[in-house]
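Written out below as structure tokens is the structure these notes cover.
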Amino acid sequence: MEARTVDTLFLPFYAIVIVLGIFGNSLFITVVRKRRSMQTVINFLLTNVAVSDIISLVLCVPGVILSFSFFEHPSGSIGNFLCKFVTKQQIAGISLLVSGQTLTIISVERHNALLRPMDSRFKLNRRRVKIVICFTWGFSIVIVTPLFITERYNDELQTCFPEWDENIALAYWVCLATMVAISLVILFFCYFRILKGIYLKKIIQPNEGNASDQDTQDKRKIIKLLLTVTGLFLVCFLPFAVVNAIFDISMHNALSRVTYFLVYTSCCVNPVVYIFQSANYRAGLKDLWNRRSVHQHELSIEARVGIEK
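Residue numbers for the sequence shown, in my numbering: 95 to 403.
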């Protein structure tokens, strides 16, 4: 199956993913901003993931439009610009790195909070979480900058391609792969120890002043939600990484296009997970809806009074 055929088949699904992803993530950010009980360190970090997902989806639109256009990819200065900012989705690459780093940080935070509750050295508070979020964006921008600099449109290959020395390219991708591998190790290590502490050794104790069974259940629900979000991200991202790293095939290949779509799918699934697994988020949505209904009712009353006058 050709890449063009795959693109055509996935066109309606791209539209669904973009619309649902932008709407769902925007709704999550709004609930966290409006509802005080949602303003926790974990939710601030998940908000960072939501912001990065929205950026990825918004910037996905020009790339999808260009993919489905009947015109050939421009060359020259315009072609180079499109390669850097549209065709190869480098800014979306920054957002993807931000999401991966943030999920790794969340796993470390939960590990320390549950297994080392008395150790305050690495405990995140509101001030520290702002610094961490800024770091994830700054670090990701630095990592992707070489691709912005070297990406060019190759007339012979008729595709975007980074023009740099092979040894430098190899060193860059090895470093990037190493960072991804380290993040995966940290994720698996932290969640393995957390699950072991909750279900096997039962060394994770309820917070002081809370009912033992209820507090333990709440902790399990949080871990289940975070594991689901992290698992879905890995399921959507790893096929793309494997296909493009091991097989080294062009983005014009059908298999690469399928895995490319999966990456964007990961940007719309988190809000669905929050709805099904977070009672606090559902309560926040209900509260947001009730406020909207009250506001509309007040506006209708004011309009009616104005007409009567």
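We put the beta carbon where it would ideally sit given N, CA and C, even for glycine.
Open item on the list: Relative to the C-alpha of residue 281, which candidate in 201, 184, 152 and 262 has its C-alpha closest?
Closed with: 201
Task: Alpha carbon of residue 259 to alpha carbon of residue 244, nearest angstrom - done: 10 Å
Open item on the list: For residue 102 and residue 129, what's the separation of their Cα atoms in angstroms?
Closed with: 41 Å
Task: Pairwise C-alpha distance: residue 207 and residue 215 - done: 11 Å
- [ ] Quick one: using the 10 Å Cβ neighbour count with 16 as the cut-off for buried, is residue 313 buried or exposed?
- [x] buried
- [ ] Run the CB neighbour count on residue 119, radius 10 Å, all protein chains shown included, and call it buried at 16 or more, exposed below.
- [x] buried
- [ ] Report, in whole angstroms, the separation of the C-beta atoms of residue 252 and residue 322, which I expect to be a contact under 8 Å.
- [x] Between residue 322 and residue 252 the Cβ distance is about 41 Å, and since that is not below 8 Å, they are no contact.
Open item on the list: To test your reading of the DSSP string, which unbroken beta strand (DSSP E) runs of 3 or more residues are found completely within the segment 117-192?
Closed with: none
Open item on the list: By DSSP's criteria, residue 253 is part of a beta bridge. Which residues make up the other side?
Closed with: 248
Task: Ordered list of alpha helix (DSSP H) runs contained in the segment 317-384, each at least 4 residues - done: 348-371
- [ ] Would you mind giving the Cβ-Cβ distance between residue 180 and residue 157, rounded to the nearest angstrom? I have them listed as a contact below 8 Å.
- [x] The beta carbons of residue 180 and residue 157 sit about 5 Å from each other, so the pair counts as a contact at 8 Å.
TODO: Go through its chain and collect everything with a Cβ distance to residue 124's Cβ below 8 Å, but skip five positions before and after it.
DONE: 382
Task: Through-space distance from residue 348 to residue 338, alpha-carbon basis - done: 12 Å
Task: Touching by the beta-carbon criterion (3+ pairs, under 8 Å), the segment 224-240 and the segment 323-332 - done: no
Open item on the list: Going by DSSP, what residue range makes up the alpha helix (DSSP H) through residue 212?
Closed with: Careful: residue 212 lies outside any alpha helix (DSSP H) and carries neither H nor E.
- [ ] Would you mind reading off the limits of the alpha helix (DSSP H) that contains residue 294?
- [x] Note, residue 294: premise wrong, no alpha helix (DSSP H); not H, not E.
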